[in-house]
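Here's the structure we're looking at; comments come further down.
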Amino acid sequence: MSKAIENKQVQVQEITEKFQNAASVVVVDYRGLNVSQVTELRKQLREAGVEFKVYKNTLTRRATEAVGLEGINDVLVGPNAIAFSNEDVVAPAKIINEFAKKNEALEIKAGIIEGTISSVEDVKALAELPSREGLLSMLLSVLQAPVRNFALATKAVAEQKEEQGA
80 MSKAIENKQV
90 QVQEITEKFQ
100 NAASVVVVDY
110 RGLNVSQVTE
120 LRKQLREAGV
130 EFKVYKNTLT
140 RRATEAVGLE
150 GINDVLVGPN
160 AIAFSNEDVV
170 APAKIINEFA
180 KKNEALEIKA
190 GIIEGTISSV
200 EDVKALAELP
210 SREGLLSMLL
220 SVLQAPVRNF
230 ALATKAVAEQ
240 KEEQGA
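Residue numbering for the sequence shown follows the working numbering, starting at 80 and increasing by one per position.
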């Protein structure tokens with residue numbers, strides 16, 4: 080077997096593993112971005128623990144077929160970059176969506192969210208969700224509200240009793 084075919088098989092296996100391990104994947108068209116813009120996007124994604132790679136479409140198609148995600152092959156046309164996140168489902172969508180708002184040349188094509196192929200609208204909706212910390216703080220405030228209201232009511236009753244007794 081030739082060296083080139085072996086290298087391609089290794090790459091397909093690498094891409095397949097990335098798709099299998101990813102919590103979320105976002106496919107983008109980066110045409111029109113200059114080097115400094117792509118570097119800035121990569122930096123933001125790297126800081127969030129997201130891997131941003133460019134692969135040949137034929138190799139990516141073979142990997143998606145191996146994983147059972149052939150539905151995304153329709154968008155694998157032209158120059159594509161793929162953001163893989165193994166832990167944070169929201170991070171790649173949020174970072175890429177914010178970057179696309181500032182740089183119109185970046186186009187979100189599709190995504191895979193926890194093994195489900197998602198449309199551009201789904202990826203953008205995911206990007207608009209608050210961060211994990213924001214969601215946790217919202218949950219805590221909801222959980223604290225009944226206790227706080229009970230404490231305020233108890234304090235009001237106590238003050239009313241003091242006024243009546245005085």
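For glycine and all other residues, C-beta sits at the position ideal for the given N, C-alpha and C. As the structure is a computational prediction, the values presented were derived from the model and not from experiment.
By alpha-carbon distance to K188, the top candidate from G194, A172 and K181 is A172.
DSSP lists F163 as the bridge partner or partners of E130. Taking every protein chain shown into account, the CB of N113 has fewer than 16 other CB atoms within 10 angstroms, so this residue is exposed. By the 16-neighbour rule on beta-carbons within 10 angstroms, T143 is buried. Note that the segment 125-144 does not touch the segment 215-228; fewer than 3 beta-carbon pairs, one per stretch, sit closer than 8 Å.
Judged by pairs of C-beta atoms under 8 Å, the segment 185-202 touches the segment 102-113, as three or more such pairs exist. Around the beta carbon of T139, a 10 Å sphere encloses 16 or more other beta carbons of the protein chains shown; the residue is thus reported as buried. Going by C-alpha positions, R211 is about 27 Å away from I151.
Checking the DSSP bridge columns, you'll see G190 partnered with V105 and S197. Taking all protein chains in view, the Cβ of I84 is surrounded by fewer than 16 other Cβ atoms within 10 Å, so the residue is classified as exposed. Between the C-alpha atoms of Y134 and L231 there is a straight-line separation of about 59 Å.
Rounded to whole angstroms, V169 and T118 show a C-alpha spacing of 21 Å. Comparing C-alpha distances from E207 to each of F178, N228, L155 and T233 shows the shortest one belongs to F178. CA-CA distance, L155 to L215, rounds to 36 Å.
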